[in-house]
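First comes the structure, then the notes that go with it.
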Amino acid sequence: MMIANAYELIVYILTTIGVYEPINNIFMSFGLDDILKIIIMLVEIAILFAFVLVTIMFLTWMERKVVAMVQSRYGPMVTGPRGLLQPVMDGVKLIGKEDIIPEKADRWIFTLAPFIVFVPALLVFIPLPFGESLIISDLRVGLLYIIAISAISPVAILLAGWASNNKYSLLGAMRAVAQDISYTIPLALAAIAVVLFTSSLSTVDIVNAQAGTWFGIIPKWFIFIQPLGFILFLIASIAEMGRIPFDFQESEQELVAGFFTEYSGMKFAMFFLAEYAHLFAVSGIIVTLFLGGWNGPVIPFIPVQITSLVYFLIKTYAVIFFAMWLRDTVPRVRIDQLLNLGWKIMIPLALLNLLITGFVVTAGVIQ
Amino acid sequence: MTWISKNWTMTGIITGLMVTLKHVLHIGNRPTVTVQYPYERMKLAPRFRGRHAVDEDACIGCGICEVSCPNSTIRIVKYKGRWFPEFNLGMCLFCGLCLDACPMNAIKMDRGYELADYTRESLIYGPDRLLFKKEVNK
Chain A
1215 MMIANAYELI
1225 VYILTTIGVY
1235 EPINNIFMSF
1245 GLDDILKIII
1255 MLVEIAILFA
1265 FVLVTIMFLT
1275 WMERKVVAMV
1285 QSRYGPMVTG
1295 PRGLLQPVMD
1305 GVKLIGKEDI
1315 IPEKADRWIF
1325 TLAPFIVFVP
1335 ALLVFIPLPF
1345 GESLIISDLR
1355 VGLLYIIAIS
1365 AISPVAILLA
1375 GWASNNKYSL
1385 LGAMRAVAQD
1395 ISYTIPLALA
1405 AIAVVLFTSS
1415 LSTVDIVNAQ
1425 AGTWFGIIPK
1435 WFIFIQPLGF
1445 ILFLIASIAE
1455 MGRIPFDFQE
1465 SEQELVAGFF
1475 TEYSGMKFAM
1485 FFLAEYAHLF
1495 AVSGIIVTLF
1505 LGGWNGPVIP
1515 FIPVQITSLV
1525 YFLIKTYAVI
1535 FFAMWLRDTV
1545 PRVRIDQLLN
1555 LGWKIMIPLA
1565 LLNLLITGFV
1575 VTAGVIQ
Chain B
6 MTWISKNWTM
16 TGIITGLMVT
26 LKHVLHIGNR
36 PTVTVQYPYE
46 RMKLAPRFRG
56 RHAVDEDACI
66 GCGICEVSCP
76 NSTIRIVKYK
86 GRWFPEFNLG
96 MCLFCGLCLD
106 ACPMNAIKMD
116 RGYELADYTR
126 ESLIYGPDRL
136 LFKKEVNK
């Protein structure tokens, strides 16, 4: 039996335990079987968001640990084993902080902006396949949805920067928007080259197209067909995330903290969490598009849902580690270099990649 | 555009990444150099200059240390019927000139360095906190 998404997986598990039928009958007797569907969907979304939030907290710890290891330090060590509970303490501290709104700020937009940043950062996960049948909804336009949803964040950043009524916030927001716009184009073009091979925008179809191996050794990942596309996508997504080689939105030495200079307490925490949610989401998208998604060697006697989730997480954490590693190694480029790289080099290369891919697909060299 | 045409292979970035990776994996002589401060401490230098201590038997209360102090840290006060120096560590710069000036070698500098306190008054170390008695071998 083929289980398409997490909803059917929950129904399947409940049916196997023998709980689903009686519950369904109760709801059916009131004529409320749609309500049951909604409840199950809410449960799966709650599980997803809880998982994402725990991952984000783990990522903040991991980031500090990786920086510490690169700089020959220990990093957080005191709270919990190896400092693992440090994010919890940070969260408690941030909740306890005073929530300051500047006097001259636009209060409504100032309050709204963190939510507009945070919600899309979580919504990106909906068409992201965490494993075989571990997907909230296999949208037929999944990739388009992901790119469209990530394109909301510059709007929210501009809102935050404008509403703060602070020159540093506004400058940071302007830079972030310029950067996001110039790097979304090569990002989308590199993703389209993958879509040419799969002829589908659905993330599950993209992952399924990467199953199997060539000659029994090389996995059929798109990184081997699309090395240029992979590099372009990686650079563009690091730039879109605003991580260190391209962190103009919050370059501490020039702008105090960029667009969230004026934010404190829980609102600051939401920007902070959204940043790490974005990191996790983008790494997941890179894995889905280029690194074979949840594909991996099949292990007998273990449900494929579990093994595929493990493969997905291993690959995602490898990409996340690369992003953190790069952050600790490379200094920030200049703003003109950033825009030159985006417009003059990445977009022509992405178009060239698309052209070559088009020829290859039309010629039918690689199936 | 010149910067990227010269370095289009990005060997500099890859070399840098390799160096940081060696630090992460502790390859070669790259140990963790910091210590978990409140739980473990750095080894102090043998001639470390920390908090002062005054030998109760040797001090003659002459006041030469008071004169020699560049920051007027030292004041001579009466304690148990004798004159002893009193150190205001809030002003002390730990130069050690009082040690050199003392004719009886009564002042020495201890290894204590955790001297932070809540008020300025509690930084004034009177003889009650400074005096020590040298063990005499009989």
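Residue numbers (the working numbering), protein chains in the order written: chain A, 1215 to 1581; chain B, 6 to 143. Here a beta-carbon is modelled for each residue, glycine too, at the ideal position from N, C-alpha and C.
Nearest candidate by alpha-carbon position, reference residue i, set the options
i, options, result
"Leu1337 of chain A", "A:Ile1549, A:Val1496, A:Ser1396", "A:Val1496"
"Thr1417 of chain A", "A:Ile1350, A:Ile1570, A:Phe1429", "A:Ile1350"
"Asp133 of chain B", "B:Lys113, B:Met109, B:Val82, B:Arg125", "B:Val82"
"Leu1555 of chain A", "A:Gln1467, A:Pro1301, A:Gln1393", "A:Gln1393"
"Ser1642 of chain A", "A:Asp1352, A:Thr1521, A:Ile1270, A:Glu1258", "With chain A covering only 1215 through 1581, there is no way to say anything about residue 1642 of chain A."
"Met1255 of chain A", "A:Glu1277, A:Leu1223, A:Ile1240", "A:Leu1223"
"Asp1320 of chain A", "A:Gly1294, A:Asn1379, A:Phe1344, A:Ile1371", "A:Asn1379"
"Ile1452 of chain A", "A:Pro1316, A:Val1369, A:Leu1493, A:Leu1308", "A:Leu1493"
"Lys1307 of chain A", "A:Lys1481, A:Ile1371, A:Arg1287", "A:Lys1481"
"Phe1332 of chain A", "A:Thr1502, A:Phe1515, A:Met1484", "A:Met1484"
"Ser1347 of chain A", "A:Pro1290, A:Leu1442, A:Ala1377, A:Asp1419", "A:Asp1419"
"Ser1383 of chain A", "A:Phe1272, A:Ile1270, A:Glu1464, A:Ala1423", "A:Glu1464"
"Ile1252 of chain A", "A:Leu1540, A:Tyr1221, A:Leu1358, A:Trp1557", "A:Tyr1221"
"Phe53 of chain B", "B:Gly117, B:Gly131, B:Tyr123, B:Glu126", "B:Gly117"
"Ser127 of chain B", "B:Leu94, B:Thr78, B:Cys107", "B:Leu94"
"Ile1371 of chain A", "A:Gly1297, A:Leu1505, A:Ile1323, A:Ala1405", "A:Ile1323"
"Ile112 of chain B", "B:Lys27, B:Leu26, B:Ile65, B:Leu49", "B:Ile65"
"Thr2 of chain B", "A:Val1266, A:Arg1287, A:Ile1227, A:Thr1229", "Any answer about residue 2 of chain B is impossible in this case: the structure gives chain B only from 6 up to 143."
"Leu1299 of chain A", "A:Pro1514, A:Ala1218, A:Gly1498, A:Met1271", "A:Met1271"
"Ile1561 of chain A", "A:Gly1443, A:Val1408, A:Val1257, A:Leu1523", "A:Gly1443"
"Cys100 of chain B", "B:Cys67, B:Gln41, B:Thr25, B:Pro75", "B:Pro75"
"Pro1517 of chain A", "A:Glu1454, A:Ile1231, A:Gly1345, A:Ile1240", "A:Gly1345"
Closer than 8 angstroms at the beta carbon, the chain A residues around residue i
i, result
"Val38 of chain B", "Ser1286, Arg1287"
"Arg35 of chain B", "Ser1286"
Buried versus exposed, by CB contacts within 10 Å (16 or more), residue i
i, result
"Ile1283 of chain A", "According to the sequence provided, residue 1283 of chain A is Met. The question's Ile does not apply to it. So Met1283 of chain A ends up on the buried side."
"Leu34 of chain B", "Per the sequence shown, residue 34 of chain B should be read as Asn rather than Leu. Per the 10 Å Cβ criterion, exposed."
"Ala1362 of chain A", "exposed"
"Phe1573 of chain A", "exposed"
"Asp1542 of chain A", "buried"
"Thr1427 of chain A", "exposed"
"Arg1457 of chain A", "buried"
"Lys1279 of chain A", "buried"
"Arg144 of chain B", "Past the boundaries of the shown model lies residue 144 of chain B; chain B is included only from 6 to 143, so the question cannot be answered."
"Asn1509 of chain A", "buried"
"Gln1440 of chain A", "buried"
"Phe1244 of chain A", "exposed"
"Phe1569 of chain A", "It is Leu, not Phe, that sits at residue 1569 of chain A in the sequence shown. Exposed is the call here."
"Asp1248 of chain A", "exposed"
"Glu119 of chain B", "exposed"
"Gln1467 of chain A", "exposed"
"Val1512 of chain A", "exposed"
"Val1421 of chain A", "buried"
Contact set between residue i and chain B, taken where Cβ atoms lie within less than 8 angstroms
i, result
"Val1280 of chain A", "Val29"
"Trp1539 of chain A", "Leu22, Thr25, Leu26, Val29"
Within chain B, partners of residue i - CB distance below 7 angstroms
i, result
"Val1544 of chain A", "Ile18, Gly21"
"Met1291 of chain A", "Gln41"
"Met1283 of chain A", "His28, Val29"
CB contact below 8 angstroms: residue i versus chain C
i, result
"Phe1329 of chain A", "Absence of chain C from the displayed structure is noted, the protein chains being A and B."
Practice task
Could you say if the segment 127 to 139 of chain B and the segment 55 to 67 of chain B meet the contact criterion of at least three C-beta pairs nearer than 8 angstroms?
Solution key: yes
Handout entry: the segment 1324 to 1340 of chain A / the segment 1249 to 1269 of chain A touching (three or more Cβ pairs under 8 angstroms)
Key = yes
Exercise for the section: Would you list, in sequence order, the uninterrupted alpha helix (DSSP H) runs of no fewer than 4 residues that lie entirely inside the segment 1265 to 1309 of chain A? Expected result: none
Exercise for the section: Can you check the segment 1414 to 1485 of chain A for any alpha helix (DSSP H) of at least 4 residues that lies completely inside it and give the ranges in chain order? Expected result: 1417 to 1423, 1436 to 1439, 1441 to 1455
Practice task
Write down every uninterrupted run of the alpha helix (DSSP H) in the segment 67 to 107 of chain B whose length is 4 residues or greater and which is fully enclosed by it, in chain order.
Solution key: 69 to 73, 102 to 106
Exercise for the section: May I have a chain-ordered list of the alpha helix (DSSP H) segments no shorter than 4 residues that lie completely inside the segment 1355 to 1416 of chain A? Expected result: 1356 to 1364, 1367 to 1377, 1381 to 1412
Problem - the segment 1382 to 1399 of chain A touching the segment 1359 to 1373 of chain A, judged by at least three CB pairs closer than 8 angstroms - result: yes
Handout entry: Runs of alpha helix (DSSP H) lying entirely within the segment 1495 to 1533 of chain A, each at least 4 residues, in chain order
Key = none
Practice task
Pair every Cβ in the segment 63 to 76 of chain B with every Cβ in the segment 90 to 97 of chain B, then say whether three or more of these pairs are closer than 8 angstroms.
Solution key: yes
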